[in-house]
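Right, one structure below, let's go through it.
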């Protein structure tokens with residue numbers, strides 16, 4: 001009876017694993033379906049390493065099975081000791097040289113790719129007017145959200161990275177508080193963001209994200225950073241170069257935009273009195289704000305990186321951020337806002353957009 005139960009337990013475990021593994025092939029988040037040149041090269045290295053390991057496992061397994069079958073007691077007898085080959089110089093050379101060859105086959109392309117991905121010299125190239133030619137994004141990881149500054153364009157946003165396709169996008173990575181790690185599984189990465197030093201690398205986006213689920217690639221923090229580490233998501237919109245230029249223009253057009261404390265719109269007035277100290281609604285400027293820039297909040301597909309993008313989710317977040325992201329640094333007197341003010345505030349924030 002117990003043996004039968006154990007078999008069913010194994011079957012159930014395999015069934016559960018199949019459910020989880022079924023999500024590994026999604027284009028918007030899977031490293032096994034790369035959508036950029038960096039991701040494709042890293043995938044090829046993964047396949048090379050897997051091939052070598054599979055070869056080793058197969059060869060060792062075959063040798064083991066042959067020895068097991070050839071020298072089993074039922075065949076050679078109880079008291080037969082097979083010929084011993086210990087001290088064989090030939091065998092010692094073989095099992096020393098073969099691993100070295102396999103390591104070289106793996107190490108050479110890995111080291112070559114590592115130096116290639118670390119080559120960010122193009123970040124400093126300028127044109128005749130002294131303007132940098134490469135698109136650079138300064139990424140700052142915070143508890144538990146992401147800030148993206150485009151220094152050459154003079155704009156800043158958060159939680160949703162917007163990039164053009166068909167060109168290298170260079171990243172300056174840093175952390176504002178504790179160690180995090182920047183990773184877009186379907187495109188490439190990952191790279192740590194540290195408080196003490198600046199890390200640099202680049203990615204390439206081969207295709208637009210509009211046809212993916214939710215119209216975005218998913219980004220993750222890949223370094224355990226606190227109680228809400230699993231909820232530290234960001235999204236990536238990959239646009240055509242023309243659409244990206246239009247987005248940059250729209251962001252620049254928000255310069256000087258602020259919420260008015262004396263506004264007749266209750267949502268705007270509430271925002272100005274309760275939120276403006278931490279959250280900007282202008283896409284121009286530099287990084288370093290205490291809270292996420294909300295200029296494009298209405299264009300996003302998630303609230304707080306993981307909640308459904310609607311007013312009900314936003315109102316729930318405003319009322320109690322700690323309930324959803326324990327340890328986050330959003331503070332304020334939200335308990336003092338009336339339900340009417342929270343309703344109006346959510347409507348106002350959802351209206352912030354540069355794409356509509």
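In UniProt numbering, the protein residues as written are 1 to 356. For each residue, glycine too, the CB sits at the ideal point set by N, CA and C. Bear in mind the structure is a predicted one, so any value in this text is a computation, not a measurement.
Three or more Cβ pairs closer than 8 Å define a contact, and the stretch 299–310 falls short of that threshold against the stretch 109–119. Fewer than three pairs of CB atoms, one per stretch, sit closer than 8 Å, so the stretch 233–244 makes no contact with the stretch 329–349.
Between residue 186 and residue 142, the gap from beta carbon to beta carbon reaches 7 Å or more. For residue 272, there is no enclosing beta strand (DSSP E); the enclosing alpha helix (DSSP H) has its first and last residue at 266–274. If you draw a 10 Å sphere on the C-beta of residue 84, you find fewer than 16 other C-beta atoms in it, and that means exposed. Rounded to whole angstroms, residue 35 and residue 137 show a C-alpha spacing of 19 Å. Put simply, the stretch 263–277 touches the stretch 341–353. At least three CB pairs are less than 8 Å apart. Under the three-state reduction of DSSP output, residue 137 falls in the strand class. Taking each of 44, 41, 99 in turn and checking the Cα distance to residue 57, the smallest one comes out for 99. Nearest in C-alpha terms to residue 327, of all of 279, 87, 228, 312, is 228. In this structure residue 279 is buried. Its beta-carbon is surrounded by 16 or more other beta-carbon atoms within 10 angstroms. Exclusion of the five residues before and after residue 215 leaves 209, 237, 301 as the residues of its chain whose Cβ lies within less than 8 Å of its Cβ. Residue range 241–252 is occupied by the alpha helix (DSSP H) that includes residue 252.
A residue is called buried when at least 16 other Cβ atoms come within 10 angstroms of its Cβ; residue 159 meets this threshold and is buried. Using a C-beta cut-off of 8 Å, the stretch 195–211 makes contact with the stretch 25–35, since at least three inter-stretch Cβ pairs fall below that distance. By the CB criterion at 7 Å, residue 103 and residue 49 fall outside the cutoff. Taking a C-beta distance under 7 Å as the contact criterion, residue 39 and residue 188 qualify as a contact pair. The residues 313, 317, 324, in chain order, have a CB closer than 7 Å to that of residue 307 in the same chain once the five nearest residues on each side in sequence are set aside.
Residues of the same chain with a CB within less than 6 Å of the CB of residue 125, apart from the 5 flanking positions on each side, are 133 in chain order. Secondary structure note for residue 44: its alpha helix (DSSP H) is the uninterrupted segment 37–70. Runs of the alpha helix (DSSP H) lying entirely within the UniProt domain "Cytochrome c" (262–353), each at least 4 residues long, are 266–274, 311–319, 321–324, 339–350 in chain order. Rounded to the nearest whole angstrom, the C-alpha separation of residue 168 and residue 265 is 43 Å. Comparing C-alpha distances from residue 109 to each of 101, 45, 147, 91 shows the shortest one belongs to 45. Contact annotation, residue 343 with residue 315: C-beta distance approximately 7 Å; criterion of less than 8 Å satisfied. For residue 162, the enclosing beta strand (DSSP E) stretches over residues 160–164. At a Cβ-Cβ threshold of 7 Å, residue 294 and residue 352 count as neighbours.
When the beta-carbon positions are compared, residue 197 and residue 191 stay at least 7 Å from each other.
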